[in-house]
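My numbering applies: residue 59 is where the sequence shown begins, and numbers increase by one. C-beta atoms are modelled at their ideal positions from N, C-alpha and C, and glycine is treated no differently. Treat the numbers as computed from the prediction; the structure is a model and nothing was measured. What follows is one structure encoded as structure tokens, with my remarks underneath.
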Amino acid sequence: MISKDKHQKHVPLAKPSLGDYGRIELGFLGTSCSTIQKLAQQIIQHLSASYKMAYVDADHKEGDELLAGGGSEDSLMQFADVAELRDKIVFKRLDRRQEQVSVFEQREWLNNQELVLINANHFKAKDQVLVIDPKKPMDKKLAKLTRVRLLLLQEGQTTIPDCIKTHIPNWEELPVLKIGETDKIFSFVNEFMEESRPPLNGLVLIGGKSSRMNRDKSDLTYHEKSQKDHVSELLTTYCKAVYLSCNSDQDLNFDASQLTITDKLIGMGPMGGLISAFMENPDVAWLSVACDLPFLSHKTLDFLISNRNPSKLATCFLDSEGKFPEPLVTIWEPRAYPVLFRYLSQGYSCPRKVLINSDVALLQAPDKEEFQNINDPASYEEALKVLKNQ
């Protein structure tokens, strides 16, 4: 007898909310490509200091020439399967000759960019800005309008076509601007980005072996409760939800009400805990805090939260010696997820190595003494004395 249950061949994973190019996409369509290019240029020129942006468009001229056997005789793109990386001093340029590029590669290429602007006349975008232009009617292209966020009226246009009203049920709720109202368009993009900012979850890292302490450091008491409970309460002020990052043995000791994420990458330390958290929810930023920092306070966390930069891979502090990024009091943005795996694939399991070699917001801590970590019984007793006298 054949079972009717659907067989699951692969381990189910939480999939991040991605478009074909990035996490936050805004596509422009409904008017000429030159108008879209001008709009994108204006937005990038005005807002590039606030967001890391990319622009996606098509240019058929050179490709058509190469396919026809023409083009510049100096171009390496006339040869099959070739790649060319050039250092242009102020930017780098990668050209690749290949027939097909998967969305998986495209997402990797633009992972560092916070906002991807797209010519949606050519390519799909998660969210769209529709330009109402009588020269470019949309009646036969309505399928491209999946999540319209703004209507722009081309010069001289005053009405919304009936086909648009029929296709977009909530069209009356959408903001409507004239294409020349650039300041208002910039304000719309700012509001759109604020709405799209990933929420923040907390991650208390308690899965270490505590070999020098000879007991679980997360169970030590400094503030009239276990350190794992104390840090969890600290993070609750800032986070949508707070989880304990633990190993499989520890997970057996918690009741069902405790939010936990068990290490899926065994023996990989904090890096494994971070990746396990992103595997649980890849669409949030994770505020990771080690459990062995008894002096950590709201003063430091307030400063971290107020200086968070979602355009970066992470927001972190210099360590107590002021030399290197401190990975264990850090906000890791969703774009860090594939980057952490990239470092693992190249033989590195140190989150500090990731921060040192990535584009991060690096802060001077208001009080470096709060980064003292307590790893042995003598340090524990000394910390208790210091805290008692504060």
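query = CA-CA distance, Ser-378 and His-288?
reply = Sequence index remark: in the sequence shown, residue 378 carries index 320 (1-based). Sequence index remark: in the sequence shown, residue 288 carries index 230 (1-based). Straight-line Cα distance between these residues: approximately 21 Å.
field: Beta-carbon contacts of Phe-336 that lie in its chain and below 6 Å, excluding the five residues immediately before and after
entry: Looking up residue 336 in the sequence shown gives position 278. Excluding residues within five positions, the ones whose Cβ falls inside 6 Å are Tyr-395.
Q: Rounded to whole angstroms, what's the CA-CA distance from Pro-435 to Ser-403? Just pull it up for me.
A: Sequence index remark: in the sequence shown, residue 435 carries index 377 (1-based). Sequence index remark: in the sequence shown, residue 403 carries index 345 (1-based). Near 36 Å, if we compare the C-alpha coordinates of Ser-403 and Pro-435.
Closer than 7 Å by C-beta to His-225: which residues in its own chain qualify, once you throw out the five before and the five after it? Chain order, please. Indexing the sequence shown from 1 puts residue 225 at position 167. Around His-225: Leu-200 and Leu-203.
- Query: For Ala-116 versus Asn-177, is the C-beta spacing smaller than 8 Å?
  - Reply: The count along the sequence shown starts at 1 and reaches residue 116 at position 58. The count along the sequence shown starts at 1 and reaches residue 177 at position 119. Their beta carbons are under 8 Å apart, which means Ala-116 touches Asn-177 by this criterion.
Residues in its own chain within less than 7 Å of Val-412 by CB, not counting five upstream and five downstream?
Residue 412 sits at position 354 when you count from the first residue of the sequence shown. Val-397, Leu-398 and Tyr-401, listed in sequence order.
- Counting Cβ pairs closer than 8 Å, one from the stretch 213-229 and one from the stretch 142-160, do we hit at least three? no
Exercise. Tell me, which residues are paired with Thr-388 by DSSP?
Worked result: The sequence position of residue 388 within the sequence shown is 330, counting from 1. BP columns for Thr-388 point to Ser-346.
Using CA atoms only, rank isn't needed, just tell me which of Asp-350, Pro-409, Pro-392 and Leu-143 is closest to Leu-258. Counted from its first residue, the sequence shown places residue 258 at position 200. Cα-wise, what sits closest to Leu-258 is Pro-392.
**Prompt:** What whole-angstrom Cβ distance do Glu-340 and Pro-74 have, given they're in contact under 8 Å?
**Reply:** Sequence index remark: in the sequence shown, residue 340 carries index 282 (1-based). Sequence index remark: in the sequence shown, residue 74 carries index 16 (1-based). Note that residue 340 is Pro in the sequence shown, not Glu. Sure, about 4 Å apart at Cβ, within 8 Å.
message: Measuring alpha carbon to alpha carbon, tell me which residue in Val-262, Gln-103 and Pro-192 is nearest Leu-386.
response: Numbered from 1 along the sequence shown, position 328 holds the residue referred to as residue 386. The shortest Cα separation from Leu-386 among Val-262, Gln-103 and Pro-192 belongs to Val-262.
Spatial neighbours of Ile-60 within its chain, please: C-beta separation below 7 Å, excluding the five flanking residues on both sides. Numbered from its first residue, the sequence shown carries residue 60 at position 2. Low local confidence applies: a pLDDT of 46 at Ile-60 is under 50, so the model's placement there is unreliable, with the coordinate-based value given in what follows. Same-chain partners within the cutoff: there are none.
Quiz item: What's the gap between the Cα of Leu-76 and the Cα of Glu-291?
Solution: Along the sequence shown, read from residue 1 onward, the residue named residue 76 stands at position 18. Along the sequence shown, read from residue 1 onward, the residue named residue 291 stands at position 233. When rounded, the distance between both Cα atoms is 32 Å.
How about Pro-385: is its C-beta nearer than 8 Å to some C-beta of chain C? Annotation note: the requested chain C is absent from the structure, which comprises a single protein chain.
So, are the CB atoms of Gly-85 and Ala-183 less than 8 Å apart? On the sequence shown, position 27 is the one that residue 85 refers to. On the sequence shown, position 125 is the one that residue 183 refers to. It is a contact, given that the beta carbons lie within the stated cut-off.
Check whether the Cβ atoms of Tyr-109 and Glu-166 lie closer than 8 Å to each other. For the purposes of this step, residue 109 is identified with residue 51 of the sequence shown, where counting begins at 1. For the purposes of this step, residue 166 is identified with residue 108 of the sequence shown, where counting begins at 1. No.
Would you please state the rounded distance, in angstroms, between the beta carbons of Pro-368 and Tyr-280? I believe it to be under 8 Å.
-> Against the sequence shown, residue 368 aligns to sequence position 310. Against the sequence shown, residue 280 aligns to sequence position 222. At roughly 32 Å, the Cβ-Cβ gap does not stay under 8 Å, so Pro-368 and Tyr-280 are not in contact.
_DSSP bridge partner residues for Met-111 (one or two, in chain order)_ = Within the sequence shown, the letter at position 53 stands for residue 111. Bridge partners of Met-111: Leu-173.
| field | Rounded separation between Met-251 and Asp-78 - CA only | value | Sequence index remark: in the sequence shown, residue 251 carries index 193 (1-based). Sequence index remark: in the sequence shown, residue 78 carries index 20 (1-based). If you take the alpha carbons of Met-251 and Asp-78, they lie about 18 Å apart.
Ala-372 versus Val-418, Glu-338 and Gly-327, residue with shortest Cα-Cα distance
Start at 1 with the first residue of the sequence shown, and residue 372 comes out as number 314. Closest by alpha carbon: Val-418.
If Glu-428 and Ser-355 are in contact, beta carbons under 8 Å, what's the gap, nearest whole angstrom? Translated into the one-based positions of the sequence shown, residue 428 becomes position 370. Translated into the one-based positions of the sequence shown, residue 355 becomes position 297. Indeed they touch by this definition, with Cβ atoms about 6 Å apart.
Thinking Leu-211 and Leu-232 are a contact (beta carbons under 8 Å), I'd like their distance in whole angstroms, please. Within the sequence shown, residue 211 is the residue found at index 153, counting from 1. Within the sequence shown, residue 232 is the residue found at index 174, counting from 1. So it is not a contact: roughly 12 Å between Cβ atoms.
With a 10 Å radius around its C-beta and 16 neighbouring C-beta atoms as the bar for buried, classify Asp-274 as buried or exposed.
By 1-based counting over the sequence shown, the position of residue 274 is 216. Buried: at least 16 other Cβ atoms inside 10 Å.
Given Ile-94, which residues of its chain have a CB within under 6 Å of its CB, disregarding the five upstream and five downstream residues? Along the sequence shown, one-based indexing puts residue 94 at 36. Closer than 6 Å at Cβ, skipping near neighbours: Phe-86 and Asn-177.
Within the stretch 238-326, ranges of the beta strand (DSSP E) (whole runs, at least 3 residues): 258-263, 300-304 and 318-320
Query raised in the report: Around the C-beta of Ser-315, are 16 or more other C-beta atoms found within 10 angstroms, so that it is buried, or is it exposed?
Result: Taking the sequence shown and counting its residues from 1, one reaches residue 315 at position 257. So Ser-315 counts as exposed.
- Which first and last residues belong to the beta strand (DSSP E) in which Arg-205 is found? Residue numbering aside, residue 205 sits at position 147 when the sequence shown is read from its first letter. No beta strand (DSSP E) holds Arg-205; DSSP gives it neither H nor E.
*Roughly how many angstroms lie between the CA atoms of Asp-360 and Pro-219, to the nearest whole one?*
In the sequence shown, the residue the question calls residue 360 occupies position 302. In the sequence shown, the residue the question calls residue 219 occupies position 161. Asp-360 and Pro-219: Cα-Cα distance of roughly 49 Å.
Next item on the list: Can you give me the start and stop residues for the beta strand (DSSP E) that Arg-393 sits inside?
Entry: Here residue 393 is taken as the residue at index 335 of the sequence shown, counted from 1. Unbroken run through Arg-393: none, as it is neither H nor E.
To the nearest angstrom, how far is the alpha carbon of Asp-277 from that of Gly-80?
As a first step, residue 277 is located in the sequence shown; it is residue number 219 there, counting from the start. As a first step, residue 80 is located in the sequence shown; it is residue number 22 there, counting from the start. When rounded, the distance between both Cα atoms is 41 Å.
task: Given a cut-off of 8 Å, decide if Gly-331 and Ser-407 are closer than it, judged by their beta-carbon atoms.
output: In the sequence shown, counting from the first residue as 1, residue 407 sits at position 349. In the sequence shown, counting from the first residue as 1, residue 331 sits at position 273. No, they are not a contact pair.
Checklist entry - For Leu-200, which three-state DSSP category applies? => result Residue 200 sits at position 142 when you count from the first residue of the sequence shown. Of the three classes helix, strand and coil, the one that applies to Leu-200 here is helix, per DSSP.
Anyone know if the C-beta pair for Ile-264 and Leu-293 falls short of 8 Å?
Position 206 of the sequence shown, counted from the first residue, corresponds to residue 264. Position 235 of the sequence shown, counted from the first residue, corresponds to residue 293. Not a contact, by the Cβ cut-off of 8 Å.
Run through DSSP, which three-state label would Cys-374 get?
Here residue 374 is taken as the residue at index 316 of the sequence shown, counted from 1. In this structure, Cys-374 counts as strand in the three-state DSSP scheme.
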